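Residue numbers (my numbering): 16 to 325.
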Ligand SMILES: Nc1nc2c(ncn2[C@@H]2O[C@H](COP(=O)(O)OP(=O)(O)OP(=O)(O)O)[C@@H](O)[C@H]2O)c(=O)[nH]1
Ligand SMILES: [Mg+2]
């Protein structure tokens, strides 16, 4: 029988721990779902596709079972080197996974991208389940035909199908319980109070990147990056955080900065508010906007925030 690190596992029961890889097309709500399952925001969310760039782990426990969710970039046809790195991150996550959770958008059903994804997952013959997300935006009368459609290839495709709304929380508890029950016996890999293993400086940079996407939408390319520069705890307990927002072209710099610096101030203000909630202290955030040419095809662009396995 496996032993848990001290504090892990409830009531002395045999502990379990495992990885669940979350895969799906861009924008189906994978990161929102991870946040809903964890109960905290660990992965950033935006209305535009390809928000998640690397694997992001979200951790939760039910009873004696710890579940490590691996949020991944949306699976798409690669066009640039950044895409290929993102794709490798998505598919690579399946190698370590005890279970795969495929996510599709209820409004789209099994469209072309979903179909291709499901075929690839099936070919791997790993235990997989399906979450049909965003059921809140679908007419209830369409749900039954939708289940029939998604399970059309026979019961062997997915062990279970869940209809969920990561936004409203509908169906999330069932999915949590199910994922926890399927974890293999073994010690917990992370401390009980840990909800992600992303280092704080990177989480902070992601919060700013989320604001860039939320406020500028398609005005800046999705390759726009935010990089941590400095991180300092001050004597009064406040955090002093410096970050650089990298855009691809000189012409995009004024878009991020805005007239009289208005846009950048807005981005900084909102990010700061979120960071203060996240870290529970006062935050002083300093943002610089810089241009990095050839970003999308330069390796440097994404290797800096690649997270190693624990
Ligand atoms: N109505 C509704 N919207 C949702 C739901 N889940 C996510 N969304 C929205 O869908 C959009 C994309 O959500 P994300 O969680 O960033 O999607 P993702 O699959 O992680 O996207 P990528 O990281 O780009 O692959 C955001 O605007 C979310 O607010 C849901 O259950 N219902
Ligand atoms: Mg995402």
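All residues carry an ideal CB built from backbone N, CA and C; glycine is no exception.
The structure presented is a predicted model; accordingly, all values stated were derived computationally and were not measured.
(request) Decide if the region 85-94 is in contact with the region 58-77; the criterion is three or more beta carbon pairs, one per stretch, under 8 Å apart. (result) yes
(message) Quick check: residue 306 and residue 265, are their CB atoms within less than 8 Å of each other?
(response) Position 291 of the chain shown, counted from the start, is the residue given in the question as residue 306. Position 250 of the chain shown, counted from the start, is the residue given in the question as residue 265. Yes. Within cutoff.
(request) Measure the CB-CB distance between residue 118 and residue 45 and report whether it falls below 8 Å. (result) The count along the chain shown starts at 1 and reaches residue 118 at position 103. The count along the chain shown starts at 1 and reaches residue 45 at position 30. Yes, the Cβ-Cβ distance between residue 118 and residue 45 is below 8 Å.
(message) Helix, strand or coil, according to DSSP, for residue 196 in the structure here?
(response) Sequence index remark: in the chain shown, residue 196 carries index 181 (1-based). Three-state result, residue 196: helix.
(message) At a cut-off of 7 Å, would you count residue 45 as near ligand 2, judging by its Cβ distance to the nearest heavy atom?
(response) Here residue 45 refers to the residue found at position 30 when the chain shown is read from its first residue. Yes, Cβ of residue 45 sits closer than 7 Å to a heavy atom of ligand 2.
(request) Return the chain-ordered ranges of every beta strand (DSSP E) run that is complete within the region 144-189 and spans a minimum of 3 residues. (result) 176-178
(request) Give the DSSP-derived three-state secondary structure of residue 274 in the structure shown. (result) What you label residue 274 is simply residue 259 of the chain shown in a count that begins at 1. Looking at residue 274 - three-state DSSP - the assignment turns out to be helix.
(request) Determine the DSSP secondary structure at residue 205, reduced to helix, strand or coil. (result) On the chain shown, position 190 is the one that residue 205 refers to. Reduced to three states, the DSSP call for residue 205 is coil.
(message) At the level of alpha carbons, what is the spacing between residue 239 and residue 229?
(response) On the chain shown, position 224 is the one that residue 239 refers to. On the chain shown, position 214 is the one that residue 229 refers to. C-alpha separation (whole angstroms): 12 Å.
(message) Between the region 180-191 and the region 154-161, can you find at least three pairs of beta-carbon atoms closer than 8 Å?
(response) no
(message) If I measure Cβ to Cβ from residue 193 and keep anything under 8 Å in the same chain, skipping five residues before and after, which residues do I get?
(response) What you label residue 193 is simply residue 178 of the chain shown in a count that begins at 1. So the qualifying residues of the chain are 144, 175, 177.
(request) Out of 245, 290, 303, 181, point me to the one whose CA is closest to residue 262's CA. (result) Against the chain shown, residue 262 aligns to sequence position 247. Out of 245, 290, 303, 181, 303 has the C-alpha closest to the C-alpha of residue 262.
(request) Report, in whole angstroms, the separation of the C-beta atoms of residue 211 and residue 73, which I expect to be a contact under 8 Å. (result) Here residue 211 refers to the residue found at position 196 of the chain shown. Here residue 73 refers to the residue found at position 58 of the chain shown. That pair is a contact at about 6 Å.
(message) Rounded to whole angstroms, what is the Cα-Cα separation between residue 274 and residue 135?
(response) As a position in the chain shown, residue 274 is number 259, starting the count at 1. As a position in the chain shown, residue 135 is number 120, starting the count at 1. Each residue's Cα considered, the two are about 47 Å apart.
(message) I'd like to confirm the pairing. Which residues does DSSP put opposite residue 119 in its beta bridges?
(response) Numbered from its first residue, the chain shown carries residue 119 at position 104. Answer is 147.
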